[in-house]
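Structure, as structure tokens:
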Amino acid sequence: MENSTSLSNTIYDILMIMGKHAEFLYDTIDTYIGDAQNVNKQELVDMWNKIKTDRLNHLNMLKDALEKGNSRIVSNNLHSACYKIKQDRAA
């Protein structure tokens, strides 16, 4: 059985990559798609849309992995993991 530090690290890892995927999906990808559309590069539009779909799938996989953990343990560690993420972003 994993100790709480190890579990906290795995939750932190999942939350970090979820944040990176979410940031890319909600702040960046549509700009890239728009740029490709503006220069009539349909192959790039298709590529960016495929990447967007893949990232959404990955985000859902990460969400499922987080939910599969013991919900009590996740709840106990979620607050500290979010705090650690905020500290990392501020640094």
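Numbering (our numbering), first residue to last: 459 to 549. Beta carbons: idealized from backbone N, C-alpha and C, even for Gly.
### Task
Report all residues from its chain with a CB closer than 6 angstroms to the CB of GLN495; omit the five preceding and five following residues, and keep chain order.
As a working note, residue 495 is residue 37 in the sequence shown. The residues are VAL503.
### Top-ranked residue by Cα proximity to TYR484, from ALA523, ASP522 and LEU517
In the sequence shown, residue 484 corresponds to position 26, counting from 1. Answer by Cα proximity: LEU517.
### Message
Which residue marks the beginning of the alpha helix (DSSP H) containing THR489, and which one marks its end?
### Response
For the purposes of this step, residue 489 is taken as residue 31 along the sequence shown, with counting starting at 1. Start and end: 487-496.
### Task
State buried or exposed for ILE469, treating a residue as buried only when at least 16 other CB atoms are found within 10 Å of its CB.
Position 11 of the sequence shown holds residue 469. So ILE469 ends up on the buried side.
### Task
Measuring alpha carbon to alpha carbon, tell me which of GLU525, LEU473, LEU514 and MET519 ends up nearest PHE482.
Along the sequence shown, one-based indexing puts residue 482 at 24. The residue with the shortest Cα to Cα distance from PHE482 is LEU514.
### Message
Restricting to Cα atoms, I'd like to know which of LEU473, ASN507, GLY477 and LEU524 is closest to THR489.
### Response
In the sequence shown, counting from the first residue as 1, residue 489 sits at position 31. That would be ASN507, whose Cα lies nearest to the Cα of THR489.
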